[in-house]
Amino acid sequence: MVKTTSKPKQFVTDSSIPVKSFYQMSSKNSKKEEPGKYPFTRGIHAGMYRDRLWTMRQYSGFGNAKETNKRFKFLLGKGQTGLSMAFDLPTQIGHDPDASYAEGEVGKVGVSIASLKDMQTVFQGIKLGNVSTSMTINATASTLLAYYIAVGESQGFSSKVLRGTTQNDILKEYVARNTYIYPPNPSMRLIGDMIAYCAKEVPQWYPVSISGYHMREAGCTAVQEIAFTLANGIEYIQTCLDRGLKIDDFAPRLSFFFCCTIEFFEEIAKFRVARKIYSKILKEKFHAKNPRSMQLKFHTQTSGESLTAQQPDNNIVRVAIQSMAAVLGGTQSLHTNSKDEALALPTQEAVNIALRTQQIVGYESGITKTVDPMSGSHYIESLCDEIEAQTWDYLKKIEKMGGALKAIEKGFFQAEIRQNAYRLKRETDDNQRILVGVNKFQEESNEKQNLLRVSDALGKRQEKEIKQLRKSRNNKKTELALSKMQSAADTDKNLMPFILNAVKSYATTGEISNTFREVFGEYRPKEVF
């Protein structure tokens, strides 16, 4: 058989003007950085979107497993290229649907996953070996990853081929989001266990997605978002090194998660600077040798906080602007918020528009034809220099405090975010910061919005199902698995194999979390003023 070689694809504008892979400034004093090379300011891959578009990963999950399965299949049918899974609050903080803490919250802000049975239903008809899945889960991340591995195995897929991400960033929970369960030290132990386990058993998985998103949504600046996120990343890396792991054995599977607000040029600069600083930290502080260890790989979500309940159609435009900033900044995957998310969970129609926004940016705008098209802009380069200098200042200050964990315990991150959030609110209240439809260009509207509502009856159904599960399973096997897991928690053994064993015996999310509560206790934050 004769082997043929295809010509490389030629990129041109609509006027047939050739487009180069990337452009350099001609000045002798200009920066000669190239995409795909250290310090990766211009992108982690040489070809970026010329070779492959970012993963279009719409964040979704609500109600029970059956409803979420339908939404996943709808999105995949519309051209989504990766799944992103949202969980309800009881699942996030380790309570079963029939717990008193869960009342009124089951299925409301994400899907209720109380057992392996629920996870099997979510992915019924979706082959896990063929799809990448991101799970926005933190305190119970080890349990949800175990569910995913078990579902994959039941479908005939080894954990070695599973692809995806668990957010699993507990440090930012103590700062901005509060869905923690255990105190910081045992929480960090669980994260270390997951990273070590995934390095050997789930090598294509990203066990942690170090997240600036929630801190940005809580009120921090672009500089603070980078600084606090990278400081948390340093803390996780040091945790792994202290366990005896080698930097190049796990660093390539660390990932990040950033917000993209509507301050267009600053956001583009922020992403470029984040890559540059991270690569220098990995090379100079942690002495990584593998270039992949130095690459900051990140997911972006457009800003939910920027969306308005007033004139919700305006949110489509906001999301489109934010999407372009994320792409021009070089994101690896992207979620675009739906226009109605300031009012309720997104409807199927709104989700479709959000996904189409990404597809139009990717396939029609032309901004993907060359790598890092904003490089060389005097404004962008000046913003990058200023953001970089301020970020290093923060990182040095945090290091003097003893690292991110100490800074969080002292309330430093929280105070900085709170001060900036207050500034932003004052500017809006004083009309110094214009929000279209909110404090200017307001309109009276009697138009009724078509909103998605999750029925309270779903909670009762989930209660009934979890009780039925406890009756039908082999309870002796479940109790033995939980007992072994509890004993292991009192040692320094890696807990992931024990959690996986408990999951396969149909132990519930609440039972696994309560077992660890008995050993680790629960975190109660100190008042910080």
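Counting in my numbering, the sequence shown runs from 189 upward without gaps. Cβ atoms here follow ideal geometry from the backbone N, Cα and C, with glycine treated the same way.
Under the three-state reduction of DSSP output, residue 685 falls in the helix class. In the three-state reduction of the DSSP assignment, residue 206 falls in the strand class.
Counting along the chain, residue 352 sits inside the beta strand (DSSP E) bounded by residues 351-354. DSSP links residue 233 through a beta bridge to no other residue. Setting aside the 5 residues that flank it on each side, residue 609 is surrounded in the same chain by 406 and 407, each with a C-beta closer than 7 Å to its C-beta; the list follows chain order.
Distances from the CA of residue 348 to each of 404, 363 and 394 were compared; the closest alpha carbon is that of 394. In the DSSP annotation of this structure, the continuous segment of the beta strand (DSSP E) that includes residue 246 starts and ends at 243-248. In this model, residue 658 and residue 230 are separated by some 53 Å (Cα to Cα). According to the DSSP assignment, residue 427 belongs to the alpha helix (DSSP H) that extends over 410-430. Per DSSP, residue 623 lies in no alpha helix (DSSP H) and is assigned neither H nor E. Residue 543 holds the alpha-carbon nearest to the alpha-carbon of residue 490 among 468, 536 and 543. In the three-state reduction of the DSSP assignment, residue 554 falls in the coil class, being assigned neither a helical nor a strand state. In this structure, residue 398 keeps its C-beta atom at 7 Å or more from the C-beta atom of residue 373. Note that the C-beta distance between residue 572 and residue 461 is below 7 Å. Under DSSP, residue 447 forms a beta bridge with 489.
Taking a cut-off of 8 Å on C-beta distances, the segment 531-546 touches the segment 255-271, as three or more cross pairs fall below it.
Counting other Cβ atoms within 10 Å of its Cβ, residue 417 reaches 16 or more and is therefore classed as buried. Residue 322 is bridged by DSSP to 272 and 353.
As a beta-bridge residue in DSSP terms, residue 394 pairs with 353.
Per DSSP, residue 675 is not a residue of any beta strand (DSSP E); the alpha helix (DSSP H) it occupies stretches across 663-677. Its chain contains 687, 688 and 691 as the residues whose beta carbon lies nearer than 6 Å to that of residue 334, once the 5 sequence neighbours on both sides are disregarded; these appear in chain order. Contact between the segment 283-292 and the segment 325-340 is absent: fewer than three C-beta pairs spanning the two stretches fall below 8 Å. Residue 667 holds the alpha-carbon nearest to the alpha-carbon of residue 703 among 585, 318, 667 and 629.
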